[in-house]
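Residue numbers (numbering that gives the first Met the number 0), protein chains in the order written: chain A, 0 to 272; chain B, 0 to 272. Structure record follows, encoded as C-alpha cells.
Number of protein chains: 2
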Amino acid sequence: MITHNRRQQLLEVLQDRPDFGISEMAKALKVSQGTIRNDLNALQDEGRVKRVHGGAVLLNRNNTSNNSFDTRYDQNTAAKIAIAQQAAQLISDGDSVLFDASSTAYYVACAISHRKELRVVTNGFHTANELARNDSNRVALIGGMVNFGASSVTGLLSEQVIEDLYVQKAFLSCSGFSLERGMTELHLNEAHLKRKVIHIADQLIALIDSSKFGKEDLTPFARAEGIYKLFTDQNISKEWEQRLLDASIDLVICDEQEVPDHDQIHLKTKRYI
Amino acid sequence: MITHNRRQQLLEVLQDRPDFGISEMAKALKVSQGTIRNDLNALQDEGRVKRVHGGAVLLNRNNTSNNSFDTRYDQNTAAKIAIAQQAAQLISDGDSVLFDASSTAYYVACAISHRKELRVVTNGFHTANELARNDSNRVALIGGMVNFGASSVTGLLSEQVIEDLYVQKAFLSCSGFSLERGMTELHLNEAHLKRKVIHIADQLIALIDSSKFGKEDLTPFARAEGIYKLFTDQNISKEWEQRLLDASIDLVICDEQEVPDHDQIHLKTKRYI
DNA sequence: TGACCTTTGTCGATTTTTGAAGATTGTTTG
DNA sequence: CAAACAATCTTCAAAAATCGACAAAGGTCA
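Structure representation (C-alpha cells):
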C-alpha cells in the first residue's frame, strides 16, 4: 500500500465514520498511530481535513453532501421517485420547463437526463447542476438570497427577471394541500416565489406526496383549480382520492416501482474492515 | 517488448490495481524497479499520470472536464489557501463583499466563516453555500445560465440586477494577467460578468496566483491600475514583483506563516525541519 | 564499427514509518 | 475550583523504503 492511496482511503474512512479517533483509524488501516498523525497533518496541509484533538474532520468540499438537503432526500424516497418518474413522462425534447427546489423536482430532473435541448428554469442548486450536466440543455438558475439548508434561492433580487421568462410546464411541490386553500407553503419567501413562477407557466404540474393532504401551512400560493395535473403516490387515502375526483382535478396516482440502487447513492463502499 | 508498449501496459496495470507500488509494478511487468521509475516519470511528462511517493496515480483521461471545479480545486492548493487567508483579513463583520466563482474565492469564503452579518454577492454555488451556512450572513446568488463544470452561473438573465447592487470589496481572480491588458479571462461570459461587477464595487481585490503572470487570455476585464490590492503567492518571480512595484500596484505576497491563528483555515505545521 | 537509446544495478540523499519520551490537553473526581 | 488521571500531542531518533543520479551493460540501426 503506497502512501497516497492510504491517505485517500483514510478520507473515505473518515467520511463513513467521522467519529473515529486516531487509534481506530490506525487499526482500520493497519498502520501505527504516528503514521495516521502524519497522514492527517499532510491532508490538513492539502486543505482536505481540519485537525482536531483526537482526530480530524473532513473539510467543506467533502462535507457538502452532509447538509440538510440530503437528509430531506432520504425521507419517503420511494414515493418521491415514483411520482417523479410518472411526471417525467410529460416532458419531451425541446420543452421549456420550470422546477422548484424540492427533492421531488430534483428526482424529475434525474429522470429526464436523457432528454435533449431542454430549456430549464429552477431555483434549486442540485436540480440546476443535474440538468446542466447535459450540454444540449440551457439551464437558468433564478438569482436570489441563498437558503443554506435547502441549497436553493428564494428571496428575489429582481421581480422583473421572472416576469420576462416563459415556460410551458412548471413542476411544483408544496408543504401542504387542501381543497379550500390549494397548495400552501411553510415559508413565506418560497410561497412568494412560487406564486410568481405560476404566472409565467402555461401548465402547473403539482407534485404532492400523500402525506401532504389535509395539511394547511401558512401561505397559499396556488388554487386547486389552477392545477393542470396532480401527481401523488399510492398511499393516498380513498377518501382524498374521491374528494380530488369530485373537484375535477386531474389526478395521477403513481405506483412505487422497483428502484433498487437509487437509495444507495449516498452509501460509500467500505474498503477497510 | 518495446518501451512504448510496456508503458501502455503499465497504464493498464495501474488502472486495474491503483494500489500497486513500484516493486509490484516491476514484478508484474518483469523489469527492474529503475525501469518502472523511468516509465512513470516519462508518463508524467506526457501528463498521463501523476507521480506520488511509492508509485503513481492515473489522472484525467477525459480532458473535456478540465475546467471543473473539482479539478481546479486540487491545483496549486497551497498557494491558493495562502492567498485566501491573507485576503480574508480585509473582511470585517458586516461588510458587503463580492466573490467570483473561482476556487481561490471559495477558499476566502471558507476563511471568513467566523465573520458575522456579511452581505455577500457571488455567482459560485460552492461559495454561496459555504457562506449561507452562517445564518447571520445574507448571501445573494446572481442568477443566470448554469455552467455545469464550474458549478457557477455566468450568462446573466438580467443586466439590471447587478447594477442595482453595491458592494465594498470585490474579490476576483483571473486566468491571465499582464500589465498591458490587466486581468484577462478565457471565457467571454465570465469576463463579461466580471466587467459588470467591477462597476458596482468600491475596491477590486485581485487574487492571482503566481502562475498567471505573463499569461494573456482572450478577454480583458480589468485594467491593472484599477486593482486596489493584488494578492499572490510566494512563488512569484523577482522580475514580476519588481514590475508590479514599478507600476505602483499594491502587492501582497502571501506566506502561510504570517497569519494569526483565528483567521486560519488550518496551520501549516513544520514537522521535519 | 560506432553513435544512440534503453535497461539495470549501485550509491548517497530524501522521505516515510515507527516507537519512545516528555509536554499538552481534556476529563473526572474530590 | 483544583488535583489527578487518561488520552493525545509534539518532538526526536532510528530503521525502512524510496528517490534521483550516475555509470556500466545490452540492444538497435545506419
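For every residue, glycine included, the Cβ atom is placed at its ideal position computed from N, Cα and C.
Compute the distance between the beta-carbons of residue i and residue j, then report whether it is under 8 Å.
{"i": "A:I1", "j": "B:V51", "result": "yes"}
{"i": "B:M182", "j": "B:A205", "result": "yes"}
{"i": "A:S174", "j": "A:D99", "result": "no"}
{"i": "B:T153", "j": "B:L203", "result": "no"}
{"i": "A:I248", "j": "A:A223", "result": "yes"}
{"i": "A:L140", "j": "B:G143", "result": "yes"}
{"i": "B:S151", "j": "B:G123", "result": "yes"}
{"i": "B:A169", "j": "B:V196", "result": "yes"}
To the nearest angstrom, report how far apart residue i and residue j are at their CA atoms.
{"i": "B:F39", "j": "A:R6", "result": "It should be pointed out that residue 39 of chain B corresponds to Leu in this sequence rather than to Phe. Near 20 Å, if we compare the C-alpha coordinates of A:R6 and B:L39."}
{"i": "A:G93", "j": "A:V119", "result": "10 Å"}
{"i": "A:L130", "j": "A:L97", "result": "11 Å"}
{"i": "B:T218", "j": "B:L185", "result": "6 Å"}
{"i": "B:L28", "j": "B:A55", "result": "15 Å"}
{"i": "A:C109", "j": "A:N136", "result": "13 Å"}
{"i": "A:A83", "j": "B:Q159", "result": "35 Å"}
{"i": "A:G20", "j": "A:G53", "result": "5 Å"}
{"i": "A:K26", "j": "B:M24", "result": "27 Å"}
{"i": "A:H3", "j": "A:Q43", "result": "14 Å"}
{"i": "A:L117", "j": "A:V107", "result": "13 Å"}
{"i": "B:E215", "j": "B:F176", "result": "6 Å"}
{"i": "A:S95", "j": "A:N37", "result": "53 Å"}
{"i": "B:V30", "j": "B:D18", "result": "18 Å"}
{"i": "B:A86", "j": "A:L155", "result": "29 Å"}
{"i": "A:E179", "j": "A:E238", "result": "16 Å"}
{"i": "A:R114", "j": "A:I226", "result": "24 Å"}
{"i": "B:V166", "j": "A:L13", "result": "39 Å"}
{"i": "B:I252", "j": "A:E45", "result": "20 Å"}
{"i": "B:T34", "j": "B:D15", "result": "20 Å"}
{"i": "B:Q8", "j": "A:Q8", "result": "25 Å"}
{"i": "B:A246", "j": "B:L187", "result": "27 Å"}
{"i": "A:R194", "j": "B:Q241", "result": "58 Å"}
Does residue i come within less than 8 Å of chain B when only Cβ atoms are used?
{"i": "A:L9", "result": "no"}
{"i": "A:A55", "result": "no"}
{"i": "A:M24", "result": "no"}
{"i": "A:E45", "result": "yes"}
{"i": "A:R114", "result": "no"}
{"i": "A:A124", "result": "It is worth fixing the name first, because residue 124 of chain A is Phe in this sequence and not Ala. So yes, A:F124 belongs to the interface."}
{"i": "A:R132", "result": "yes"}
{"i": "A:S150", "result": "yes"}
{"i": "A:I141", "result": "yes"}
{"i": "A:F147", "result": "yes"}
{"i": "A:A110", "result": "no"}
{"i": "A:N234", "result": "no"}
{"i": "A:A127", "result": "yes"}
At least one CB of chain A closer than 8 Å to the CB of residue i: is that the case?
{"i": "B:T183", "result": "no"}
{"i": "B:D99", "result": "no"}
{"i": "B:V96", "result": "no"}
{"i": "B:F212", "result": "no"}
{"i": "B:I33", "result": "Here residue 33 of chain B turns out to be Gly, not Ile, going by the sequence shown. No, no contact with chain A."}
{"i": "B:I1", "result": "no"}
{"i": "B:T231", "result": "no"}
{"i": "B:H186", "result": "no"}
{"i": "B:D38", "result": "no"}
{"i": "B:H52", "result": "yes"}
{"i": "B:D18", "result": "yes"}
{"i": "B:R137", "result": "yes"}
{"i": "B:I80", "result": "yes"}
Check whether the Cβ of residue i lies closer than 7 Å to any heavy atom of the ligand HEM, and answer yes or no.
{"i": "A:D15", "result": "Absence of the ligand HEM is noted for the structure shown, with no ligands found whatsoever."}
What residues in its chain sit with their C-beta under 7 Å from that of residue i, if we drop five residues either side in the sequence?
{"i": "A:E162", "result": "I199"}
{"i": "A:S22", "result": "Q32"}
{"i": "A:D254", "result": "A81, Q233"}
{"i": "B:G213", "result": "S177"}
Residues in its own chain within less than 6 Å of residue i by CB, not counting five upstream and five downstream?
{"i": "A:Y105", "result": "H125, T126"}
{"i": "B:L250", "result": "L229, L243"}
{"i": "A:T121", "result": "F98, A127"}
{"i": "A:N66", "result": "Because A:N66 carries a pLDDT of 41, less than 50, the predicted location of this residue cannot be relied on, and no value is offered for it."}
{"i": "B:A190", "result": "E184, T218, F220"}
Apart from the five residues on each side of it in sequence, which residues of its chain come closer than 8 Å, Cβ to Cβ, to residue i?
{"i": "A:L10", "result": "L42, R47, V48, L57, N61"}
{"i": "B:L89", "result": "K168, I204, K228"}
{"i": "B:R132", "result": "S112"}
* Asked: Quick one: any contact between the region 200-217 of chain A and the region 230-240 of chain A, if contact means 3 or more CB pairs under 8 Å?
  -> Touching, yes.
Whether or not the region 75-87 of chain A and the region 141-150 of chain A are in contact is what I'm after, with contact meaning three or more pairs of Cβ atoms, one per stretch, closer than 8 Å; do they touch?
Because the criterion of three Cβ pairs below 8 Å is not met, the region 141-150 of chain A and the region 75-87 of chain A do not touch.
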